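Student:
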Amino acid sequence: MSAGAIAALIIGLIGAVIIIIFISRFRVVSQGTARVVQRLGKYHRTLETGLKWIMPFIDKAGAPIVLKEQVADFRPSEVITKDNVKMMIDSVVFFQVVDPRLFTYGIERPMQAIENLTATTLRNIVGELELDETLTSRETVNTKMQLIIDDATNPWGIKIHRVELRNILPPPAIQESMEKQMRAERERRQTILQAEGEKRANILVAEGEKQAAILRAEATKIALLTEAEGQAQAIRKIVEARPDASYITLQGFDALKAMAEGQSNTLIIPSDLQNVTTLFSSISETLMAKGAIPRPTKPAPKAKTTKPKA
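Numbered according to our numbering, the sequence shown spans residues 14 to 323.
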(Lines of atoms letter the chains of each structure in order from A and count residues from 1; the text may use other names and numbers.)
(Lines give C-alpha, C1' and ligand atoms only; values in the text may rest on other atoms or scores of the structure.)
Protein backbone atom coordinates (compact mmCIF):
# COMPACT_ATOMS: atom_id res chain seq x y z
CA MET A 1 0.00 0.00 0.00
CA SER A 2 1.35 3.37 -0.96
CA ALA A 3 1.83 6.25 1.40
CA GLY A 4 -1.01 8.20 -0.27
CA ALA A 5 -3.48 5.40 0.30
CA ILE A 6 -2.49 5.10 3.95
CA ALA A 7 -2.88 8.86 4.43
CA ALA A 8 -6.32 8.79 2.80
CA LEU A 9 -7.39 5.92 5.04
CA ILE A 10 -6.23 7.74 8.15
CA ILE A 11 -8.05 10.90 7.10
CA GLY A 12 -11.22 8.89 6.46
CA LEU A 13 -11.04 7.26 9.86
CA ILE A 14 -10.50 10.60 11.56
CA GLY A 15 -13.45 12.06 9.68
CA ALA A 16 -15.65 9.14 10.66
CA VAL A 17 -14.70 9.55 14.33
CA ILE A 18 -15.41 13.28 14.20
CA ILE A 19 -18.81 12.65 12.64
CA ILE A 20 -19.63 10.02 15.27
CA ILE A 21 -18.55 12.35 18.08
CA PHE A 22 -20.54 15.21 16.57
CA ILE A 23 -23.68 13.09 16.29
CA SER A 24 -23.25 11.67 19.80
CA ARG A 25 -23.35 15.16 21.32
CA PHE A 26 -27.02 15.63 20.41
CA ARG A 27 -29.38 15.45 23.39
CA VAL A 28 -33.17 14.98 23.32
CA VAL A 29 -34.96 16.79 26.15
CA SER A 30 -38.43 15.41 26.82
CA GLN A 31 -41.52 17.52 27.47
CA GLY A 32 -41.79 18.61 31.10
CA THR A 33 -38.09 18.18 31.83
CA ALA A 34 -34.89 20.23 31.61
CA ARG A 35 -31.15 19.55 31.72
CA VAL A 36 -28.38 21.71 33.09
CA VAL A 37 -25.18 21.96 30.97
CA GLN A 38 -21.81 22.53 32.61
CA ARG A 39 -18.82 23.74 30.60
CA LEU A 40 -15.53 22.84 32.18
CA GLY A 41 -17.33 22.28 35.52
CA LYS A 42 -19.20 25.59 35.50
CA TYR A 43 -22.85 26.27 34.77
CA HIS A 44 -23.26 27.13 31.11
CA ARG A 45 -26.93 26.89 30.15
CA THR A 46 -30.21 24.99 30.62
CA LEU A 47 -31.48 22.71 27.88
CA GLU A 48 -35.23 22.94 27.40
CA THR A 49 -37.62 20.68 25.47
CA GLY A 50 -36.44 19.54 22.04
CA LEU A 51 -33.27 18.33 20.23
CA LYS A 52 -30.19 20.08 21.58
CA TRP A 53 -26.44 19.86 20.77
CA ILE A 54 -23.60 20.41 23.18
CA MET A 55 -19.89 20.85 22.62
CA PRO A 56 -17.87 17.65 22.84
CA PHE A 57 -15.26 17.18 25.56
CA ILE A 58 -15.92 20.51 27.29
CA ASP A 59 -19.72 20.41 27.86
CA LYS A 60 -21.52 17.97 30.14
CA ALA A 61 -25.32 17.66 30.41
CA GLY A 62 -26.76 16.72 33.79
CA ALA A 63 -29.60 14.30 34.49
CA PRO A 64 -33.11 15.33 33.44
CA ILE A 65 -34.94 17.45 36.00
CA VAL A 66 -38.72 17.04 36.20
CA LEU A 67 -40.55 20.36 35.91
CA LYS A 68 -44.03 18.98 36.52
CA GLU A 69 -45.78 19.31 39.88
CA GLN A 70 -44.78 16.46 42.18
CA VAL A 71 -46.10 14.94 45.38
CA ALA A 72 -43.88 14.06 48.32
CA ASP A 73 -45.45 11.76 50.92
CA PHE A 74 -43.33 12.00 54.05
CA ARG A 75 -43.34 9.54 56.94
CA PRO A 76 -45.19 10.47 60.18
CA SER A 77 -43.48 12.86 62.57
CA GLU A 78 -43.89 12.95 66.34
CA VAL A 79 -45.15 16.30 67.61
CA ILE A 80 -46.15 17.62 71.05
CA THR A 81 -49.08 19.98 71.51
CA LYS A 82 -49.24 22.93 73.86
CA ASP A 83 -51.05 20.82 76.47
CA ASN A 84 -48.30 18.15 76.32
CA VAL A 85 -50.08 15.54 74.20
CA LYS A 86 -47.85 13.48 71.93
CA MET A 87 -49.21 12.52 68.53
CA MET A 88 -48.05 11.31 65.14
CA ILE A 89 -48.79 13.45 62.08
CA ASP A 90 -47.87 12.65 58.48
CA SER A 91 -47.98 15.30 55.79
CA VAL A 92 -48.12 15.52 52.01
CA VAL A 93 -46.29 18.27 50.12
CA PHE A 94 -47.13 19.34 46.55
CA PHE A 95 -44.15 21.09 44.95
CA GLN A 96 -42.69 22.01 41.55
CA VAL A 97 -39.18 22.81 40.31
CA VAL A 98 -39.33 26.26 38.71
CA ASP A 99 -35.61 26.94 38.30
CA PRO A 100 -33.41 23.95 37.27
CA ARG A 101 -30.20 25.90 37.90
CA LEU A 102 -31.10 26.75 41.53
CA PHE A 103 -32.43 23.22 42.03
CA THR A 104 -29.06 21.82 40.90
CA TYR A 105 -26.77 24.18 42.76
CA GLY A 106 -29.01 25.47 45.58
CA ILE A 107 -28.87 22.60 48.05
CA GLU A 108 -27.57 19.05 48.34
CA ARG A 109 -30.34 16.41 48.36
CA PRO A 110 -33.28 18.83 48.11
CA MET A 111 -35.98 16.19 48.82
CA GLN A 112 -34.43 15.28 52.16
CA ALA A 113 -34.15 18.99 52.93
CA ILE A 114 -37.87 19.50 52.21
CA GLU A 115 -38.81 16.55 54.45
CA ASN A 116 -36.76 17.83 57.38
CA LEU A 117 -38.06 21.35 56.89
CA THR A 118 -41.64 20.08 56.86
CA ALA A 119 -41.15 18.12 60.08
CA THR A 120 -39.57 21.01 61.99
CA THR A 121 -42.17 23.50 60.76
CA LEU A 122 -44.97 21.15 61.79
CA ARG A 123 -43.52 20.77 65.29
CA ASN A 124 -43.25 24.54 65.72
CA ILE A 125 -46.83 25.23 64.61
CA VAL A 126 -48.49 22.37 66.52
CA GLY A 127 -46.46 23.23 69.63
CA GLU A 128 -48.41 26.50 69.85
CA LEU A 129 -51.81 24.75 69.67
CA GLU A 130 -53.74 22.58 72.10
CA LEU A 131 -55.08 19.16 71.13
CA ASP A 132 -58.60 20.33 70.26
CA GLU A 133 -57.25 23.23 68.21
CA THR A 134 -54.92 20.91 66.31
CA LEU A 135 -57.78 18.58 65.39
CA THR A 136 -60.10 21.39 64.29
CA SER A 137 -57.59 23.77 62.66
CA ARG A 138 -56.12 21.69 59.85
CA GLU A 139 -56.71 24.39 57.26
CA THR A 140 -54.90 26.96 59.40
CA VAL A 141 -51.95 24.64 59.96
CA ASN A 142 -51.80 23.78 56.25
CA THR A 143 -51.73 27.44 55.24
CA LYS A 144 -49.03 28.38 57.73
CA MET A 145 -46.83 25.47 56.70
CA GLN A 146 -47.22 26.24 53.00
CA LEU A 147 -46.15 29.87 53.49
CA ILE A 148 -43.15 29.02 55.69
CA ILE A 149 -41.83 26.15 53.57
CA ASP A 150 -42.37 28.02 50.30
CA ASP A 151 -40.38 30.98 51.59
CA ALA A 152 -37.53 28.66 52.69
CA THR A 153 -37.38 26.74 49.38
CA ASN A 154 -37.34 29.76 47.06
CA PRO A 155 -33.50 29.83 46.98
CA TRP A 156 -33.59 26.16 45.93
CA GLY A 157 -35.68 26.82 42.80
CA ILE A 158 -38.67 24.98 44.30
CA LYS A 159 -42.24 26.28 44.55
CA ILE A 160 -44.48 24.80 47.29
CA HIS A 161 -48.09 24.78 46.09
CA ARG A 162 -49.86 22.99 48.95
CA VAL A 163 -49.16 21.23 52.23
CA GLU A 164 -51.78 18.84 53.63
CA LEU A 165 -51.93 17.06 56.97
CA ARG A 166 -53.12 13.60 55.99
CA ASN A 167 -53.38 11.74 59.31
CA ILE A 168 -53.40 12.98 62.90
CA LEU A 169 -53.00 10.07 65.30
CA PRO A 170 -53.35 10.89 69.02
CA PRO A 171 -52.34 8.29 71.65
CA PRO A 172 -54.72 5.32 72.09
CA ALA A 173 -56.03 6.61 75.44
CA ILE A 174 -56.87 9.98 73.89
CA GLN A 175 -58.56 8.30 70.94
CA GLU A 176 -60.71 6.17 73.26
CA SER A 177 -61.69 9.23 75.29
CA MET A 178 -62.59 11.13 72.12
CA GLU A 179 -64.71 8.24 70.87
CA LYS A 180 -66.61 8.11 74.18
CA GLN A 181 -67.15 11.84 74.02
CA MET A 182 -68.45 11.58 70.46
CA ARG A 183 -70.83 8.75 71.41
CA ALA A 184 -72.11 10.74 74.39
CA GLU A 185 -72.66 13.78 72.18
CA ARG A 186 -74.55 11.73 69.60
CA GLU A 187 -76.73 10.16 72.28
CA ARG A 188 -77.44 13.59 73.77
CA ARG A 189 -78.50 14.96 70.40
CA GLN A 190 -80.67 11.90 69.78
CA THR A 191 -82.38 12.34 73.17
CA ILE A 192 -83.01 16.02 72.50
CA LEU A 193 -84.45 15.30 69.06
CA GLN A 194 -86.69 12.54 70.46
CA ALA A 195 -87.94 14.80 73.26
CA GLU A 196 -88.63 17.61 70.80
CA GLY A 197 -90.56 15.20 68.59
CA GLU A 198 -92.68 13.92 71.46
CA LYS A 199 -93.35 17.47 72.64
CA ARG A 200 -94.45 18.55 69.18
CA ALA A 201 -96.64 15.45 68.83
CA ASN A 202 -98.35 16.14 72.18
CA ILE A 203 -98.92 19.76 71.21
CA LEU A 204 -100.46 18.74 67.90
CA VAL A 205 -102.72 16.17 69.61
CA ALA A 206 -103.84 18.76 72.19
CA GLU A 207 -104.52 21.33 69.48
CA GLY A 208 -106.50 18.74 67.52
CA GLU A 209 -108.61 17.85 70.56
CA LYS A 210 -109.17 21.53 71.28
CA GLN A 211 -110.31 22.22 67.72
CA ALA A 212 -112.57 19.14 67.80
CA ALA A 213 -114.17 20.27 71.09
CA ILE A 214 -114.71 23.75 69.69
CA LEU A 215 -116.29 22.37 66.54
CA ARG A 216 -118.56 20.03 68.55
CA ALA A 217 -119.65 22.92 70.78
CA GLU A 218 -120.30 25.09 67.72
CA ALA A 219 -122.35 22.31 66.12
CA THR A 220 -124.40 21.79 69.31
CA LYS A 221 -124.96 25.53 69.61
CA ILE A 222 -126.09 25.84 66.00
CA ALA A 223 -128.42 22.84 66.39
CA LEU A 224 -130.00 24.26 69.55
CA LEU A 225 -130.38 27.68 67.98
CA THR A 226 -131.91 26.20 64.85
CA GLU A 227 -134.32 24.08 66.88
CA ALA A 228 -135.29 27.02 69.08
CA GLU A 229 -135.74 29.25 66.07
CA GLY A 230 -137.94 26.63 64.40
CA GLN A 231 -140.10 26.26 67.49
CA ALA A 232 -140.40 30.02 67.81
CA GLN A 233 -141.40 30.37 64.15
CA ALA A 234 -143.96 27.58 64.54
CA ILE A 235 -145.48 29.17 67.62
CA ARG A 236 -145.48 32.57 65.93
CA LYS A 237 -147.28 31.22 62.88
CA ILE A 238 -149.85 29.47 65.08
CA VAL A 239 -150.46 32.66 67.02
CA GLU A 240 -150.65 34.77 63.88
CA ALA A 241 -153.26 32.37 62.53
CA ARG A 242 -155.47 33.06 65.64
CA PRO A 243 -156.75 29.51 65.97
CA ASP A 244 -160.18 29.20 67.62
CA ALA A 245 -161.23 26.53 70.07
CA SER A 246 -162.81 24.36 67.41
CA TYR A 247 -159.57 24.28 65.36
CA ILE A 248 -157.47 23.33 68.38
CA THR A 249 -159.99 20.67 69.36
CA LEU A 250 -159.90 19.28 65.83
CA GLN A 251 -156.05 19.19 65.88
CA GLY A 252 -156.21 17.39 69.20
CA PHE A 253 -158.53 14.77 67.77
CA ASP A 254 -156.16 14.31 64.78
CA ALA A 255 -153.23 13.82 67.15
CA LEU A 256 -155.20 11.26 69.16
CA LYS A 257 -156.10 9.51 65.96
CA ALA A 258 -152.42 9.33 64.89
CA MET A 259 -151.44 7.97 68.27
CA ALA A 260 -154.20 5.37 68.11
CA GLU A 261 -153.00 4.21 64.67
CA GLY A 262 -149.40 3.77 65.91
CA GLN A 263 -147.81 0.58 67.13
CA SER A 264 -147.88 1.63 70.80
CA ASN A 265 -150.24 -0.35 73.07
CA THR A 266 -150.72 2.62 75.42
CA LEU A 267 -153.00 5.53 74.57
CA ILE A 268 -153.26 8.57 76.79
CA ILE A 269 -156.34 10.76 76.31
CA PRO A 270 -156.38 14.13 78.04
CA SER A 271 -159.31 14.61 80.33
CA ASP A 272 -160.04 18.02 79.00
CA LEU A 273 -159.08 19.15 75.51
CA GLN A 274 -160.11 22.60 76.55
CA ASN A 275 -156.71 22.95 78.32
CA VAL A 276 -155.01 23.08 74.92
CA THR A 277 -157.08 26.10 74.00
CA THR A 278 -156.13 27.70 77.28
CA LEU A 279 -152.41 27.03 76.52
CA PHE A 280 -152.49 28.73 73.10
CA SER A 281 -154.48 31.62 74.55
CA SER A 282 -151.72 32.17 77.18
CA ILE A 283 -149.03 32.08 74.48
CA SER A 284 -150.95 34.62 72.38
CA GLU A 285 -151.36 36.96 75.33
CA THR A 286 -147.60 36.78 76.09
CA LEU A 287 -146.56 37.54 72.49
CA MET A 288 -149.07 40.40 72.21
CA ALA A 289 -147.75 41.85 75.48
CA LYS A 290 -144.19 41.84 74.07
CA GLY A 291 -145.38 43.38 70.82
CA ALA A 292 -144.46 40.35 68.76
CA ILE A 293 -147.98 40.17 67.26
CA PRO A 294 -150.69 42.87 67.02
CA ARG A 295 -153.75 42.71 69.11
CA PRO A 296 -156.90 41.95 67.18
CA THR A 297 -159.21 44.88 66.67
CA LYS A 298 -162.74 44.60 67.94
CA PRO A 299 -165.44 45.15 65.35
CA ALA A 300 -167.38 48.36 65.70
CA PRO A 301 -170.72 47.95 67.50
CA LYS A 302 -173.77 48.01 65.29
CA ALA A 303 -176.01 51.03 65.53
CA LYS A 304 -179.36 50.36 67.12
CA THR A 305 -182.37 51.14 64.95
CA THR A 306 -185.53 52.31 66.49
CA LYS A 307 -188.81 51.57 65.00
CA PRO A 308 -191.15 54.52 64.56
CA LYS A 309 -194.12 54.46 66.80
CA ALA A 310 -197.43 53.98 65.19
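Built from N, CA and C at the ideal position, the CB exists for glycine as well. If you're wondering where the values come from, they're calculated on a predicted model, not measured in any experiment.
If distances are taken between C-alpha atoms only, which option among 27, 20, 106, 62 comes closest to residue 39?
Tutor: Taking the sequence shown and counting its residues from 1, the one referred to as residue 39 is at position 26. Checked all of 27, 20, 106, 62; the closest Cα to residue 39 is 62.
Student: Helix, strand or coil: how does DSSP classify residue 180 here?
Tutor: Taking the first residue of the sequence shown as 1, we reach residue 180 at position 167. Of the three classes helix, strand and coil, the one that applies to residue 180 here is strand, per DSSP.
Student: Would you say the region 133-143 touches the region 84-100, given that touching needs at least three Cβ pairs under 8 Å?
Tutor: These segments touch.
Student: Between which residues of its own chain and residue 124 is the CB-CB distance below 8 Å, once the five residues before and five after are set aside?
Tutor: Along the sequence shown, one-based indexing puts residue 124 at 111. Here the set comprises 85.
Student: Do residue 122 and residue 56 have their C-beta atoms within less than 9 Å of each other?
Tutor: Translated into the one-based positions of the sequence shown, residue 122 becomes position 109. Translated into the one-based positions of the sequence shown, residue 56 becomes position 43. Result no, Cβ atoms of residue 122 and residue 56 do not sit closer than 9 Å.
Student: Out of curiosity, what's the CA-to-CA distance linking residue 42 and residue 87?
Tutor: One-based indexing of the sequence shown puts residue 42 at position 29. One-based indexing of the sequence shown puts residue 87 at position 74. Distance between the alpha carbons of residue 42 and residue 87 is about 30 Å.
Student: Taking all protein chains shown into account, do 16 or more other C-beta atoms lie within 10 angstroms of the C-beta of residue 54, making it buried, or fewer, making it exposed?
Tutor: Position 41 of the sequence shown, counted from the first residue, corresponds to residue 54. Burial call: exposed.
Student: Out of 109, 100, 134, 118, state which residue places its alpha-carbon closest to the alpha-carbon of residue 154.
Tutor: What you label residue 154 is simply residue 141 of the sequence shown in a count that begins at 1. Of the listed residues, the one whose Cα sits closest to residue 154 is 134.
Student: To the nearest whole angstrom, what separates the beta carbons of residue 116 and residue 169, a pair I think is in contact under 8 Å?
Tutor: Residue numbering aside, residue 116 sits at position 103 when the sequence shown is read from its first letter. Residue numbering aside, residue 169 sits at position 156 when the sequence shown is read from its first letter. Confirmed, Cβ separation roughly 6 Å.
Student: Can you tell me the Cβ-Cβ gap for residue 77 and residue 48, rounded? I've got them flagged as a contact below 8 Å.
Tutor: As a first step, residue 77 must be located in the sequence shown, where it is residue number 64. As a first step, residue 48 must be located in the sequence shown, where it is residue number 35. About 6 Å; that satisfies the 8 Å criterion.
Student: Using a Cβ-Cβ cutoff of less than 7 Å, which residues in the same chain neighbour residue 45 once the five nearest sequence positions on both sides are dropped?
Tutor: Taking the sequence shown and counting its residues from 1, the one referred to as residue 45 is at position 32. Around residue 45: 79, 80, 81.
Student: Please classify residue 225 as buried or exposed, where buried requires at least 16 other C-beta atoms within 10 Å of its C-beta.
Tutor: On the sequence shown, position 212 is the one that residue 225 refers to. Flag for residue 225 reads exposed.
Student: So what's residue 112 in DSSP terms, helix, strand or just coil?
Tutor: Here the question's residue 112 lines up with position 99 in the sequence shown. Of the three classes helix, strand and coil, the one that applies to residue 112 here is coil, per DSSP.
Student: Rounded to the nearest angstrom, what separates residue 99 and residue 171 at their Cα positions?
Tutor: The residue you call residue 99 lines up with position 86 of the sequence shown. The residue you call residue 171 lines up with position 158 of the sequence shown. Cα to Cα, the separation comes out at about 31 Å.
Student: Quick check on residue 131: buried or exposed, where buried means 16 or more other Cβ atoms within 10 Å of its Cβ?
Tutor: Position 118 of the sequence shown, counted from the first residue, corresponds to residue 131. With 16 or more other Cβ atoms within 10 Å, it is buried.
Student: Is residue 91 helix, strand or coil when you go by DSSP?
Tutor: For the purposes of this step, residue 91 is taken as residue 78 along the sequence shown, with counting starting at 1. Strand, per DSSP.
Student: According to DSSP, simplified to helix, strand and coil, what is residue 15?
Tutor: Reading the sequence shown from its first residue, position 2 is the one you call residue 15. Residue 15: coil per DSSP, three-state reduction.
Student: How many angstroms separate the CA atom of residue 183 from the CA atom of residue 151?
Tutor: Within the sequence shown, residue 183 is the residue found at index 170, counting from 1. Within the sequence shown, residue 151 is the residue found at index 138, counting from 1. Roughly 14 Å between the two C-alpha positions.
Student: Quick one: residues in its chain with C-beta nearer than 6 Å to the C-beta of residue 120, no 5 flanking neighbours on either side, listed in chain order?
Tutor: By one-based count along the sequence shown, residue 120 stands at place 107. Excluding positions up to five away in sequence, the list reads 126, 169.
Student: Drop a sphere of 10 angstroms on the beta-carbon of residue 35, count the other beta-carbons inside from all chains shown, and report buried for 16 or more, exposed for fewer.
Tutor: Looking up residue 35 in the sequence shown gives position 22. Classification for residue 35: exposed.
Student: Taking a contact to mean a Cβ-Cβ separation below 9 Å, would you say residue 58 touches residue 71 in this structure?
Tutor: Residue 58 sits at position 45 when you count from the first residue of the sequence shown. Residue 71 sits at position 58 when you count from the first residue of the sequence shown. No.
Student: Going by DSSP in three states, residue 12 sits in which element: helix, strand or coil?
Tutor: Lying outside 14 to 323, the shown extent of the chain, residue 12 is not represented and no answer is given.
Student: Can you tell me whether residue 37 is helix, strand or coil according to DSSP?
Tutor: In the sequence shown, residue 37 corresponds to position 24, counting from 1. Here residue 37 sits in helix by DSSP.
Student: With 16 as the cutoff for other CB atoms within 10 Å, does residue 164 come out buried or exposed?
Tutor: If you number the sequence shown from 1, residue 164 lands on position 151. So residue 164 counts as exposed.
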